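Protein chains in written order, with the working numbering: chain L, 3 to 239; chain S, 753 to 1014.
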């Protein structure tokens, strides 16, 4: 039941968006953060065969079935997290980046992230003055069960709350900031460890950026109101 | 015919300071390709930064030891051109009919000009964005391709005040780039502001139809017993005719002992 083929016809030069009919799983192995259970991962592969040609492209990704919720607790003002409906006590570590000359390697990521898991942490917070971390970083967080809090590139010190006060309206090019943010979301969004996108460090991004991020990061209504419907194809603009 | 999929370009790169190279990108990728690490060219680390390559070649001391960072000229004093570098490599690729090839940069800091076999393409500013160049039509007939990239530092590298401070003079915040590079309470300023091809470079061959940025979402019911996996993807038909496609999705999990369930 975990193999499905759909026929799609694409005109010359066209780019379209296609959604498969949902695949049903009964009691799949869930993905859990470090200390709460196994980090079960499934390999999802998508391929496209073209008539008169053969396989034209393929893509694959390790995917974990998990539901992460978080909300501000009215009593404490802190953010509470739940994973698969279970409340989780967050034991997190700050992360800036592996190396100041960006000599980033899978091996270094694996070592650093396994170290965090061995320290019994279950979240890593990627600070807004550092990087949007790379897929290899997220891969090992998927494997070792470290939830990731990923900040965008705004910090209080540099954007409006530092000494001297500077850049109160953030970067000069807001469209460029949002283009980078959207592309980064597309790069990282399928990783089960990705738990929370955060506008910046100790600072709210400028209102237009913040509103756009909030809007873009809402889950598509298709998934919110899913009623076990069938195939669903729509043209992308 | 090229094999479908990704090939990383992570070896055999050379680098040179732009002010020490009198050639254009067109000349570098046609008639005057560098032949090896002969001055001003040196072996380069890609992915990596300009400073990473300079440290690797011992052109500057390693900034992580002692006060060595003080011995490296800061971009504010040297000017942006001092850390504007050429990166050069070659790659083999021969396509058959109806195949397409993309040249992908997963991240560059901060902007760049790309030359392939004498053709120029621009990588716009922004440290956190992917760049995908369709190079199908500019590949070399003999399969041996020359690639040169001129990487420019952030537009606002800033100047470090005498007393340092978190984020230096905060000029870097005008760009969409990492901000720690002007120094913070836990790190000295990074002299090149992390300029470079800092994430993977690859070539990616496909047939006429390409899969773009699939999105996977799970929805849960009945206490996580009933689960649906929703998969959405963009598809691009780069051929000149209608493509009749079969789109397949398969989910496998590795059970104990390496037995796969389909």
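Quick reminder that beta carbons are idealized off the backbone N, C-alpha and C, glycines included.
In this text, all values refer to a predicted model and were calculated from it rather than measured experimentally.
| Item | Value |
| --- | --- |
| Length of the line joining the Cα atoms of residue 238 (chain L) and residue 20 (chain L) | For residue 238 (chain L), the predicted model reports a pLDDT of 35, less than 50, meaning its position is unreliable; a value from the coordinates is still stated below. So the alpha carbons of these two residues sit roughly 9 Å apart. |
| Per DSSP, the bridge partner or partners of residue 968 (chain S) | S:983 |
| Members of the segment 959 to 976 of chain S near chain L, C-beta cut-off 8 Å | 959, 960, 961, 962, 963, 964, 965, 966, 967, 968, 969, 970, 971, 972, 975 and 976 |
| Min CB distance residue 880 (chain S) to chain L below 8 Å | yes |
| Distance CB(residue 155 (chain L))-CB(residue 126 (chain L)) smaller than 8 Å | no |
| Chain S contact for residue 151 (chain L) (CB, 8 Å cutoff) | no |
| Helix, strand or coil at residue 872 (chain S) [DSSP, three-state] | strand |
| Nearest residue (CA-CA) to residue 1000 (chain S), options L:22, L:170 and L:139 | L:22 |
| Nonlocal neighbours in the same chain, by C-beta distance under 6 Å from residue 940 (chain S), ignoring five residues either side | 821 |
| Helix, strand or coil at residue 797 (chain S) [DSSP, three-state] | coil |
| Residue 1005 (chain S) at chain L interface by Cβ criterion, 8 Å | yes |
| Distance between residue 87 (chain L) and residue 993 (chain S) (C-alpha atoms, nearest Å) | 49 Å |
| Beta carbon proximity, residue 769 (chain S) to chain L, threshold 8 Å | no |
| Residue(s) in a DSSP beta bridge with residue 271 (chain L) | Beyond the ends of chain L as shown, which are 3 and 239, falls residue 271 (chain L); an answer cannot be given. |
| CB-CB length for residue 909 (chain S) against residue 945 (chain S), believed under 8 Å | 5 Å |
| Whole-number beta carbon distance between residue 801 (chain S) and residue 947 (chain S), since they are thought to touch under 8 Å | 6 Å |
| Burial state of residue 796 (chain S) (16 or more Cβ within 10 Å) | buried |
| Contained beta strand (DSSP E) runs [length at least 3] in the segment 78 to 165 of chain L, N- to C-terminal order | 81 to 85, 88 to 90, 94 to 97, 125 to 128 and 149 to 153 |
| 7 Å Cβ cut-off: residues of chain S touching residue 168 (chain L) | 922 and 925 |
| Residue 757 (chain S) versus L:48, L:17, L:227 and L:192, residue with shortest Cα-Cα distance | L:48 |
| CB of residue 867 (chain S) within 8 Å of CB of residue 781 (chain S), strictly | yes |
| Same chain only: Cβ atoms within 8 Å of residue 770 (chain S), ignoring 5 sequence neighbours per side | 833, 836, 837, 838 and 902 |
| C-beta neighbour in chain S for residue 57 (chain L), strict 8 Å | yes |
| Contact with chain L by residue 758 (chain S), beta-carbon distance below 8 Å | no |
| 8 Å Cβ cutoff met for residue 853 (chain S) and residue 955 (chain S) | yes |
| Cβ pair count under 8 Å reaching 3, the segment 137 to 146 of chain L against the segment 168 to 185 of chain L | no |
| Cutoff 7 Å; reference residue 118 (chain L); Cβ partners in own chain excluding five residues on either side | 95, 126 and 148 |
| Distance CB(residue 875 (chain S))-CB(residue 864 (chain S)) smaller than 8 Å | yes |
| DSSP state of residue 58 (chain L) mapped onto helix, strand, coil | strand |
| Helix, strand or coil at residue 878 (chain S) according to DSSP, with G and I counted as helix | coil |
| beta-carbon residue 147 (chain L) near the ligand ADP non-hydrogen atom, thresh 7 Å | Absent from the structure shown: the ligand ADP. Ligands present: none. |
| Beta-carbon neighbours of residue 39 (chain L), restricted to chain S and to distances below 9 Å | Near residue 39 (chain L) there are no residues of chain S at all, since even the closest Cβ is about 12 Å away, more than 9 Å. |
| Residue 925 (chain S) and residue 169 (chain L) closer than 8 Å at C-beta | yes |
| Given 8 Å, three or more beta-carbon pairs between the segment 106 to 124 of chain L and the segment 220 to 229 of chain L | no |
| Between the CA atoms of residue 9 (chain L) and residue 1 (chain L) - distance to the nearest angstrom | Past the edges of chain L, shown from 3 to 239, lies residue 1 (chain L), and the structure says nothing about it. |
| Among L:50, L:214 and L:66, the one whose alpha carbon lies nearest that of residue 982 (chain S) | L:66 |
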